[in-house]
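Data block below; observations after.
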Amino acid sequence: MRIFRYIDEVKTQINNIEIDGQTELLQKIGGEDVVTSRFTIEGRKLDLQIGDFIEFKDSVYTILDEPQVKKSQNTFSYNLQFKSDMYILKNVQVMLDDESEFYLFGDPIDAVSLIISNLNRVYGEGVYFADYVEPLEGKNLNFTNENCLAALQKLAAEFECEFQVKGKQITFRKKIGSETNLKFEYKKGLRDIERLTLQNAELVTVLYPSGSTRNITNEYGSKRLKIPKLQNNVNVFGTIERSVTFEDVYPRLKGVVSSSSSITKFRDTSIDFNINDQLIGGAKAKVIFNTGDLAGREFEIASYNNSNKEIEIIPYTDETDYTSPNETFRPRSGDKYVLVNIKMPQAYIDNAEEELLERATEYLDKYSQPNVIYKVSPHYPYLRRNQTELNIGDIITITDEDFGIDFQVRILSLSQKLNNPYQYSLEIGSQVTISYITSVLLDQRNIKNTIYQNEKYVSEQFNRVFNNIGNFKAPLYVNMGEFNPETLYHNSQNRVDYVFKFNNEGVKEWFYYIGQDNQAAEFIIANWQFIDDNFEIIATNTLLAENANIGDWLIQSGKIVSQAIYESEDESEVEPRVILDSINGDIRLNTKLNIEGSAGIRPYKQRISLSSIDGSIVCFRQGDAFQEGASASINSGGVVANFPGIDISLFTQSNIKGKAGILGIGYSNLPKGNIQNTEFIAGVFGIAKNENVNPVEAYGGYFLDLKTQGRFKGIKRLVNSDDYTIAQYDEYISCYNSAAINIYLPDPTTHPEGRVITVKRMDEVINVTGQIFTNQNVASIGLNIGERWTFINDGVYWHANKSIF
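In case it helps, the working numbering puts the sequence shown at residues 6 to 810.
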């Protein structure tokens with residue numbers, strides 16, 4: 006991941022970080038658009054600051070908050086968040102005439118134009134622009150100390166639209182994204198699928214719609230514009246009634262000013278009725294301007310001339326003595342307006358009812374079916390082979406026979422790995438087709454074979470157990486095992502029993518008791534309700550059935566497996582990332598490791614296995630023609646690693662450039678004289694002892710082709726004038742004795758071959774005694790002052806060599 010910074014207005018790369026799957030783009034319609042990155046750097050702290058940025062998918066993502074960094078010994082852990090250009094909009098306040106609290110009557114074009122005007126007020130004329138804004142009718146909008154991003158979010162909610170910011174370009178439309186011809190099938194471009202939500206809180210099947218009270222007279226027969234009730238999916242979900250009012254729908258002339266002869270008079274040649282004939286007694290007819298200088302303001306009509314279609318309005322003076330219209334703010338050609346407090350001709354009422362029908366139908370189509378959201382993970386090799394890029398808002402087709410789905414959905418949110426741009430996790434959803442709903446929910450009374458009903462049922466069981474804990478009156482479901490006709494079964498407000506029976510095919514089926522409480526019940530339909538084995542009841546001694554889905558885990562064939570999948574272009578290598586195997590008694594973790602070899606950096610599959618069979622932890626990495634396979638294991642017998650994959654310089658911060666299979670590091674900050682009386686720190690320490698009466702040799706460490714740098718020997722200083730026998734761990738004897746002494750070497754025939762002992766005389770006489778060979782066999786050697794003798798055991802003699810300093 007390359008990180009840039011502008012230095013003297015020149016884009017300059019300041020860092021290039023090696024990243025893994027913990028760096029990803031997170032996007033959501035109407036929500037976040039950020040790149041989060043977690044990584045670790047050994048031995049150095051990166052130069053990062055607010056304003057640094059990365060580039061991804063033709064967009065710029067910038068650090069807008071202080072970078073999060075944690076230091077542990079010599080390791081720096083980073084948790085960075087790069088935010089899209091959308092977040093920069095938070096830096097600019099929405100102002101109108103130097104005021105941040107104001108009302109604006111306008112359509113989306115007016116409102117987005119105001120936001121862009123404020124952005125360009127700060128960043129320069131013409132910098133920000135809109136490529137598209139949805140043309141909709143105006144509304145009275147209230148702005149209260151909002152920044153430009155908050156204002157866009159408010160407009161999106163107000164006009165039921167979506168927006169997108171790309172660089173300096175703003176898009177505001179009903180739905181972002183585009184139609185695609187992409188179709189994903191489970192195991193054919195799609196790795197896993199999970200239903201996240203099946204929420205019926207807003208479900209409506211019978212709608213009573215109404216409009217505004219404006220321009221509605223007593224003759225209409227209702228105080229509001231109305232149409233007959235609408236129905237949809239009643240046969241699927243039953244009757245679920247709601248009333249909804251659309252205040253912006255009423256009989257109205259959508260007038261446009263043709264010309265203006267004065268500040269209070271304007272003409273509209275498209276008026277096709279005489280306003281004077283449509284006045285309502287007791288009410289003042291009014292004009293409300295939707296656009297132009299007078300947008301959002303309403304004025305009483307003083308007169309109307311039907312011959313030339315001219316309307317004269319009465320000026321209005323507010324509490325600040327400001328009067329409008331005036332020479333500055335007045336009606337102008339092209340201004341849009343509506344008439345209120347008049348009795349509209351029947352044609353306009355009919356048009357309004359048609360508009361109400363259209364709006365109500367759209368509402369019912371949306372809420373007469375559940376809001377289903379799925380989480381899916383497309384198979385990234387499939388996307389890479391087809392060079393397919395996904396974006397939020399895009400429409401794709403999802404197919405899965407087990408879920409019974411085959412319909413078009415929108416990508417509502419996505420996460421995308423930066424180290425593998427074809428690896429996505431998607432949340433998808435839309436209003437699903439009636440064929441799918443019917444196949445899943447048509448018979449709500451039958452729990453059997455409906456995923457939705459099972460999920461709902463299990464949720465109810467959880468709630469009941471919880472409620473019992475909270476001392477609520479709700480039954481606790483109790484597992485009574487296999488059905489027994491002599492057992493007394495319970496069905497009360499406090500307890501409901503459930504049992505299983507084997508059917509003719511030998512399959513276990515579950516039933517809960519619905520008969521009379523505390524009775525020995527016959528196994529008949531009147532007493533027992535079938536509940537299927539897709540999910541068994543949550544209660545005491547709860548059993549989890551095959552293929553139960555718990556969060557992101559599945560139960561399959563005696564295993565609990567993650568729904569997160571290890572992806573590979575080789576189908577035989579595709580498997581869950583985590584497998585808990587109860588049959589073989591092991592845990593397996595699968596991941597991907599990038600290794601540098603003769604062909605550059607290549608990905609390899611790595612498996613970590615924790616086995617109860619041999620009590621080991623084994624890590625195995627596959628190899629190929631470019632890289633040997635590797636394995637490492639640990640158990641009670643020891644540690645084995647057959648591949649030198651640890652970069653020594655990275656972990657030790659030394660100039661030693663090499664790699665090792667096992668690395669020991671002994672970093673500390675411990676003074677001499679510490680309270681634990683610790684005498685040294687070591688990266689690796691080995692000791693061995695063989696207590697057999699006829700022992701093989703024992704070594705604290707055994708190395709072939711040993712290389713050392715900065716070796717330290719164990720020193721034994723003799724300061725007394727007593728004879729001394731060489732001990733097991735003596736290596737270098739430094740003699741400061743004040744009188745003659747003897748030093749006794751061990752028997753070379755019973756001592757490990759290859760041992761080296763060095764003796765140095767500093768002052769008084771030293772005699773070294775043992776089975777010694779110089780150029781002949783001798784019983785002892787006397788050392789002169791300054792002499793240093795080295796003795797090496799060959800299993801028969803101590804070979805002696807002298808050095809003089």
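Ideal Cβ positions, reconstructed from N, Cα and C, are used throughout, including at glycine.
* Given that a residue counts as buried once 16 or more other Cβ atoms are within 10 Å of its Cβ, and exposed if not, what is GLN169? -> buried
* **Spatially closest choice to TYR73 from PHE516, SER82, LEU119, by CA coordinates** => Note on residue identity: the sequence assigns Gln, not Tyr, to residue 73. Closest option to GLN73, Cα to Cα, is SER82.
* **Outcome for ILE748 when other beta-carbon atoms lying within 10 angstroms are tallied against a minimum of 16** => buried
* Cα separation between SER743 and ASN647? -> 53 Å
* ARG593 lies in the beta strand (DSSP E); which residues open and close that run? -> 591 to 602
* To do: May I ask you to report which of helix, strand or coil DSSP gives LEU258?
  => coil
* Would you mind sorting PHE177 into buried or exposed? The rule is 16 or more other CB atoms within 10 Å of its CB. => buried
* If you count every other CB in all the chains shown that lies within 10 Å of the CB of TYR704, and 16 or more means buried, which is it? -> exposed
* Since I believe ASP57 is in contact with ARG7 (beta carbons under 8 Å), could you give me their beta-carbon distance rounded to a whole number of angstroms? => Actually they are not in contact, since the Cβ atoms of ARG7 and ASP57 sit about 11 Å apart, beyond 8 Å.
* Per DSSP, ALA635 is paired with what? -> ARG626
* Touch test, the region 206 to 214 against the region 419 to 428, Cβ-Cβ under 8 Å, three pairs minimum -> no
* Report the rounded CA-to-CA distance for ASP619 versus ILE592, giving the unit in angstroms. => 13 Å
* Asked: Assuming GLU332 contacts ILE268 under a Cβ cut-off of 8 Å, what Cβ separation, rounded to an integer in Å, is found between them?
  -> 6 Å
* What residue does the alpha helix (DSSP H) around PRO113 start on, and which one ends it? -> 113 to 128
* Asked: Near GLY475, what residues of its chain come up, given a Cβ to Cβ distance below 6 Å and the 5 sequence neighbours on each side ignored?
  -> Note that GLY475 has pLDDT 37, beneath the 50 cutoff, so the model's placement of it is unreliable and the number below is only indicative. Result list for GLY475: empty, nothing under 6 Å.
* To do: Quick one: grab the DSSP three-state call for GLN351.
  => helix
* Asked: Excluding the five sequence neighbours on either side, which residues of its own chain have a C-beta within less than 6 Å of the C-beta of SER616, listed in chain order?
  -> ASP591
* To do: Note down, in chain order, each residue of its chain lying with its Cβ closer than 6 Å to the Cβ of ASN468, except the 5 sequence neighbours on either side.
  => Reliability fails at ASN468, whose pLDDT of 41 lies under 50, so the model's placement of it is uncertain and no value is given.
* To do: Work out the CA separation of LYS513 and PHE505 for me, nearest whole Å.
  => 6 Å
* Asked: Using CA coordinates, which residue listed in PHE61, ASP70, ARG43 is at the minimum distance from GLN54?
  -> ASP70
* To do: Name, in chain order, the residues that DSSP records as bridge partners for SER265.
  => PHE271
* To do: With DSSP as the reference, please indicate the residues paired to ASN147 in a beta bridge.
  => TYR108
* Considering only residues of the same chain and omitting the five flanking positions on each side of ASP136, which have a CB-CB separation below 8 Å? -> GLN174, ILE175, THR176
* Are the CB atoms of ALA357 and VAL261 nearer to each other than 8 Å? -> no
* Same chain, Cβ closer than 8 Å to THR17, five either side skipped, listed in chain order -> PHE9, ARG10, TYR11
* To do: With PHE242 as the anchor, note down where its alpha helix (DSSP H) starts and where it stops.
  => 239 to 242
* Consult DSSP for SER77 and reduce its assignment to one of helix, strand or coil. => strand
* Among GLN776, GLY650, SER638, nearest to ASN798 - alpha-carbon criterion -> GLN776
* Is it the case that the Cβ atoms of ILE316 and ILE306 are separated by a distance below 8 Å? -> yes
* So which of ILE347, PRO490, SER89, ILE46 has the shortest CA-CA distance to THR222? -> ILE347
* Asked: How should LEU788 be labelled, buried or exposed, when 16 other C-beta atoms within 10 angstroms of its C-beta is the threshold for buried?
  -> buried
* **Own chain residues within Cβ distance below 6 Å of SER373, not counting five before or after** => VAL209, THR210, ASN237, ASN238
* **Entirely enclosed beta strand (DSSP E) segments - the region 131 to 184, minimum 3 residues** => 134 to 138, 144 to 149, 167 to 171, 174 to 178
* **beta strand (DSSP E) segment containing ARG49, residue limits** => It is not in any beta strand (DSSP E) - ARG49 carries neither H nor E in the DSSP assignment.
* **Beta-carbon gap between VAL343 and LEU258 smaller than 8 Å** => yes
* Range of the contiguous beta strand (DSSP E) that encloses PRO608 -> 605 to 616
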